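Those protein sequence lines, which keep their order, are chains A and B.
Under the working numbering, the first residue of the first sequence is numbered 30, with each subsequent residue one higher.
Under the working numbering, the first residue of the second sequence is numbered 30, with each subsequent residue one higher.
C-beta: ideal position from N, C-alpha, C; glycine also.
The structure displayed is predicted, hence computed values, not measured ones.
For reference, the structure is listed below as structure tokens.
2 protein chains.
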Amino acid sequence: MARPKRTPTAGSRERVFAAAAAEFAAKGYAGANMDRIARAARLNKAMIYYHFKNKAALYRAILRDMFGAVRTEVAAVAASGLEPGEKIRRYVEGIARAAEARPHFPPIWLRELAEGGEHVDAATLEYVRDVLTALGGIVNEGRRRGVFQPVNPMMLQAGIIAPLMFFLATARLRQKIERAGPSPLAVSRDTIVAHIQRLTLAQLEGRIS
Amino acid sequence: MARPKRTPTAGSRERVFAAAAAEFAAKGYAGANMDRIARAARLNKAMIYYHFKNKAALYRAILRDMFGAVRTEVAAVAASGLEPGEKIRRYVEGIARAAEARPHFPPIWLRELAEGGEHVDAATLEYVRDVLTALGGIVNEGRRRGVFQPVNPMMLQAGIIAPLMFFLATARLRQKIERAGPSPLAVSRDTIVAHIQRLTLAQLEGRIS
DNA sequence: GTCTATAAATAGATAGAC
DNA sequence: GTCTATCTATTTATAGAC
Chain A
30 MARPKRTPTA GSRERVFAAA AAEFAAKGYA GANMDRIARA ARLNKAMIYY HFKNKAALYR
90 AILRDMFGAV RTEVAAVAAS GLEPGEKIRR YVEGIARAAE ARPHFPPIWL RELAEGGEHV
150 DAATLEYVRD VLTALGGIVN EGRRRGVFQP VNPMMLQAGI IAPLMFFLAT ARLRQKIERA
210 GPSPLAVSRD TIVAHIQRLT LAQLEGRIS
Chain B
30 MARPKRTPTA GSRERVFAAA AAEFAAKGYA GANMDRIARA ARLNKAMIYY HFKNKAALYR
90 AILRDMFGAV RTEVAAVAAS GLEPGEKIRR YVEGIARAAE ARPHFPPIWL RELAEGGEHV
150 DAATLEYVRD VLTALGGIVN EGRRRGVFQP VNPMMLQAGI IAPLMFFLAT ARLRQKIERA
210 GPSPLAVSRD TIVAHIQRLT LAQLEGRIS
């Protein structure tokens, strides 16, 4: 990430990055194989180590790109002059957009949750906290204006990203379940985002308990 | 997992099972190491292969135990004579209980979601479908009685397990984030379960959109 | 049932030519 | 920048003794 495109390099760094993201998403950190990454990038292992110090550094670069993108989306929403309810809607939409621009995003995030952020370095952790802080700011703004109830930002965030990652990551699995027997459960991307937006606002507007 | 306890075996199979569950939870399928599993079980690798055909079979046994437990909990709820709203509450509670009885459950489930059920065999898939079918049955019962709105069971299920696994799996990570800076976000187990119960019922009772 | 020893394959990482 | 060749460590799995 961040570097002039197609100069002498002919984009080999970008190819490594993309191939690695797909590999880490499919196999997890420990299960990812440097040789497979090289082949998928139409290069060889040595080229990976030319661009990245080692496996861990390569993975960290991918994590940083993911959470950096989320932070960027969210920061734009927080800085906008929109009313709090609309900010919440765009907050959800922004996370969905950052995730959809990166097919590896939902699987990697789910795996990272599973291992308690094992590979999350300080810089990435900062991004994560910024996102949570921005959400907290929107909630506080809504409270001051009397349109939101007090809600724990962590609960809210869990209610947003958990179902979102679930849906985006399981498109394939859901098809597998459907094929195995009768359970018509296809749900479109827009339906999901709209649903999560409504669910989040219902909490903030005190329509839940 | 099904088998007479402490006969000649002195529970070595159970020790392998437990150690493997912890290892798969921490490292994922590909990252799990048979030698580490053996050491954690205070045995050697050969004993793993005495009890289980290979790594894949060992993992499958753990998956089956997990989803079998969920199915058992859920089936009891569905068969009870309780009113639909209470069934939904106990459905959520039952899944939480099955997960809490197995510390490896949330991480493994999240990872399995991440890779689209790569290691889910036909028998386990059957359990998963049974759980979803049971939920659909409760929803239909509520609709017939006029207390529930029509809701896609997959959406409902996602809204339950995704946040639940998120919270149960990230207790450690959330602490890490808190330590790194100010964001008071500790949430208790009961708060989470109650929250998810209310959220689910709010959807079914049409209080969302 | 439980162990040691080891086969056979695969992994991450680097040296050095071009 | 890109490659081949290779070192070294690790890993799944099995053979065979007790």
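query                                                                                                                           : result
Neighbour flag for B/T199 against chain A, beta carbons, 8 angstroms                                                            : yes
Exposure label - B/P179; buried when at least 16 CB within 10 Å                                                                 : exposed
Residues of its chain near B/A127, where Cβ-Cβ distance is below 6 angstroms and the 5 sequence neighbours each way are ignored : A98, V99, E102
Burial state of A/R42 (16 or more Cβ within 10 Å)                                                                               : buried
Beta-carbon proximity of A/V45 to A/M95, cut-off 8 angstroms                                                                    : no
Residue-level contact to chain A via CB, B/A108, 8 angstroms cutoff                                                             : no
Closer than 8 angstroms to chain B by CB, A/H133                                                                                : no
Exposed unless 16 or more other CB atoms sit within 10 angstroms - verdict on B/R203                                            : buried
Close-in-space but distant-in-sequence residues of the same chain around B/A70 (CB under 6 angstroms, 5 per side omitted)       : R44, V45, A48
Burial state of A/G175 (16 or more Cβ within 10 Å)                                                                              : exposed
Three-way DSSP call (helix, strand, coil) for B/K74 in this model                                                               : helix
Coarse secondary structure for B/S276, derived from DSSP in three states                                                        : There is simply no residue 276 of chain B to check, as chain B begins at 30 and stops at 238 in what is shown.
Contact under 8 angstroms by Cβ, B/P182 with B/L154                                                                             : no
Outcome for B/A200 when other beta-carbon atoms lying within 10 angstroms are tallied against a minimum of 16                   : exposed
Uninterrupted alpha helix (DSSP H) stretches inside the region 124-162 of chain B (no shorter than 4 residues)                  : 134-143
B/M30 versus B/L92 - alpha carbon distance                                                                                      : In this predicted model, B/M30 has a pLDDT of only 48, less than 50, meaning its place in the structure is not dependable; the value taken from the coordinates is given anyway. If you take the alpha carbons of B/M30 and B/L92, they lie about 11 angstroms apart.
Cβ neighbour criterion (16 or more within 10 Å) applied to A/A39                                                                : exposed
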